[in-house]
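Q: After the structure tokens below, expect a handful of questions from me.
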């Protein structure tokens, strides 16, 4: 929503990545203001509606993100 992940919260946690569960074509969420705050905080944003499934693993103290976009079904 527009008011989620407020500036105070983002300054406290300093996110490197943001994982947001969405579906392709969702016109309402995430709100553009929220995405802008995440970008300004330095987070790399992954929207599952665009990237598909997301796996996060820790490797040598750093987060490694892998995305899995499945092919669309053929008619």
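Numbering (my numbering), first residue to last: -16 to 58. All residues carry an ideal CB built from backbone N, CA and C; glycine is no exception.
#1: Report the CB separation of residue -5 from residue 28 in whole angstroms; it is logged as a contact under 8 angstroms.
#2: Only counting the same chain, and skipping five residues up and downstream in sequence, which positions put a Cβ closer than 8 angstroms to that of residue 22?
#3: Measuring CA to CA, which of 25, 30, -15 is closest to residue 50?
#4: Which stretch, first to last residue, makes up the alpha helix (DSSP H) that contains residue 17?
#5: Checking 8 angstroms against the spacing of the C-beta atoms, do residue 46 and residue 37 come in under that value?
#6: So, with DSSP's three-state summary, where would you put residue -7?
A: Checking against the coordinates, here is how it stands:
#1: Residue -5 to residue 28, Cβ: 19 angstroms. No contact.
#2: 28
#3: 30
#4: Segment 15 to 23, the alpha helix (DSSP H) holding residue 17.
#5: A distance of 8 angstroms or more separates the beta carbons of residue 46 and residue 37.
#6: helix
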